[in-house]
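Here's the structure, in structure tokens; my notes come after.
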Amino acid sequence: LAKTTQPISMDSYEGQEVNITCSHNNIATNDYITWYQQFPSQGPRFIIQGYKTKVTNEVASLFIPADRKSSTLSLPRVSLSDTAVYYCLVGDLYNQGGKLIFGQGTELSVKP
Amino acid sequence: KAGVTQTPRYLIKTRGQQVTLSCSPISGHRSVSWYQQTPGQGLQFLFEYFSETQRNKGNFPGRFSGRQFSNSRSEMNVSTLELGDSALYLCASNDGRGDNNEQFFGPGTRLTVL
Chain S
148 LAKTTQPISM DSYEGQEVNI TCSHNNIATN DYITWYQQFP SQGPRFIIQG
198 YKTKVTNEVA SLFIPADRKS STLSLPRVSL SDTAVYYCLV GDLYNQGGKL
248 IFGQGTELSV KP
Chain H
-9 KAGVTQTPRY LIKTRGQQVT LSCSPISGHR SVSWYQQTPG QGLQFLFEYF
41 SETQRNKGNF PGRFSGRQFS NSRSEMNVST LELGDSALYL CASNDGRGDN
91 NEQFFGPGTR LTVL
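Sequence lines, in order, name chains S and H.
All residue numbers in the first sequence are consecutive under the working numbering, ending with 259.
All residue numbers in the second sequence are consecutive under the working numbering, ending with 104.
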């Protein structure tokens, strides 16, 4: 199973764009790249999923280069409520028997 | 559509006791996974049920068990509780589609073992 590496923590200010990069050198052909957000004492929340190139939804964008060995989650114009832990996951939930593999995540702190 | 619900939200038990946690998935979801989250170990996978069958199991001792009912509701049981079992227990449901990594998590049950 592919291992992910992402920064332990990041600081930002309100209104800025935040980019969190995750490396996953051993990503397999069938693996998807998925990002989750978690607030203290709550369950993680799905943000975005991609396989290759760029994916955008109403809250974030996900950039994946052609070799798929890394990915970047982009949060536009963050606010204080975006302070949370962000997890980068690589895998295929269906073939992994319903198992998501969470790393240590990136603790994002947004300041006023 | 209602989200994933977990009961109870908080539990306090003493060592040696047993506990049962309940999870109701999103309507129509047949896959339910359970996770344990602690400050030291992070989020760890316990097991997953799909259509009343356990399909996958993490590296936890046999004291941790679960089951799923025909309506997809799931229960998790921990017997002979230890201090180290204190954690946030999360369940998550998924529609079981092959191209979808989105799991919907419940709010969790905070278990404290004294």
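Backbone N, C-alpha and C define an ideal beta-carbon position, used for all residues, glycine too.
Quick caveat: nothing in here was measured; it's all calculated off a predicted structure.
Exercise for the section: Please check if any C-beta of chain H sits within less than 8 Å of the C-beta of G245 (chain S). Expected result: Residue 245 (chain S) sits at position 98 when you count from the first residue of the first sequence. So yes, G245 (chain S) belongs to the interface.
Practice task
Note down, in chain order, all residues in the segment 170 to 182 of chain S with a beta-carbon under 8 Å from any beta-carbon belonging to chain H.
Solution key: Answer in chain order: Y179, T181.
Practice task
Could you pull out every residue in the same chain whose Cβ sits closer than 6 Å to the Cβ of S226 (chain S), ignoring the five residues on either side in sequence?
Solution key: For the purposes of this step, residue 226 (chain S) is identified with residue 79 of the first sequence, where counting begins at 1. Sequence-distant Cβ neighbours of S226 (chain S) in its own chain, meaning closer than 6 Å and more than five residues away, are E161.
Handout entry: Interface positions of the segment 83 to 101 of chain H facing chain S (Cβ-Cβ less than 8 Å), listed along the chain
Key = Under the 8 Å Cβ criterion, the segment 83 to 101 of chain H contributes N84, G86, R87, G88, D89, N90, N91, E92, Q93, F94, F95, G96, P97, G98, R100.
Problem - chain H within 8 Å of Q184 (chain S), Cβ atoms only - result: If you number the first sequence from 1, residue 184 (chain S) lands on position 37. Answer no: the Cβ-Cβ gap between Q184 (chain S) and chain H never drops below 8 Å.
Problem - Terminal residues of the beta strand (DSSP E) in which N46 (chain H) lies - result: The residue given as residue 46 (chain H) occupies position 56 in the second sequence. Taken as a continuous stretch (DSSP letters only), the beta strand (DSSP E) holding N46 (chain H) covers 43 to 47.
Problem - Contact check, L236 (chain S) vs Y183 (chain S), beta carbons under 8 Å - result: One-based indexing of the first sequence puts residue 236 (chain S) at position 89. One-based indexing of the first sequence puts residue 183 (chain S) at position 36. Yes. Within cutoff.
Exercise for the section: Could you tell me which residues DSSP puts in a beta bridge with N204 (chain S)? Expected result: Within the first sequence, residue 204 (chain S) is the residue found at index 57, counting from 1. The bridge partners DSSP lists for N204 (chain S) come to none.
Handout entry: Closest by C-alpha distance to V(-6) (chain H), when choosing among H:G98, H:Q27, H:T102
Key = As a first step, residue -6 (chain H) is located in the second sequence; it is residue number 4 there, counting from the start. Selection H:G98, H:Q27, H:T102 evaluated against V(-6) (chain H) yields H:G98 as nearest (Cα-Cα).
Problem - Spatial distance of T151 (chain S) from G238 (chain S) (CA atoms) - result: Here residue 151 (chain S) refers to the residue found at position 4 when the first sequence is read from its first residue. Here residue 238 (chain S) refers to the residue found at position 91 when the first sequence is read from its first residue. Straight-line measurement puts the Cα of G238 (chain S) at about 10 Å from the Cα of T151 (chain S).
Problem - Minimum Cβ-Cβ distance from R5 (chain H) to chain S less than 8 Å - result: Your numbering for residue 5 (chain H) matches position 15 in the second sequence. No, its Cβ sits nowhere closer than 8 Å to a Cβ of chain S.
Problem - Check whether S217 (chain S) and C169 (chain S) have beta carbons under 8 Å apart - result: Counting from 1 along the first sequence, the entry for residue 217 (chain S) is found at position 70. Counting from 1 along the first sequence, the entry for residue 169 (chain S) is found at position 22. A contact, by the Cβ cut-off of 8 Å.
Exercise for the section: Take Q31 (chain H) as the anchor and find which of H:D89, H:R(-1), H:I16, H:D75 has the nearest alpha-carbon. Expected result: As a working mapping, residue 31 (chain H) is identified with position 41 in the second sequence. Answer by Cα proximity: H:D75.
Problem - Pairwise C-alpha distance: H171 (chain S) and Q251 (chain S) - result: For the purposes of this step, residue 251 (chain S) is taken as residue 104 along the first sequence, with counting starting at 1. For the purposes of this step, residue 171 (chain S) is taken as residue 24 along the first sequence, with counting starting at 1. Rounded to whole angstroms, Q251 (chain S) and H171 (chain S) show a C-alpha spacing of 14 Å.
Exercise for the section: Determine the chain H residues that contact F249 (chain S) at a beta-carbon separation under 7 Å, and present them in chain order. Expected result: On the first sequence, position 102 is the one that residue 249 (chain S) refers to. In chain order: G32, L33.
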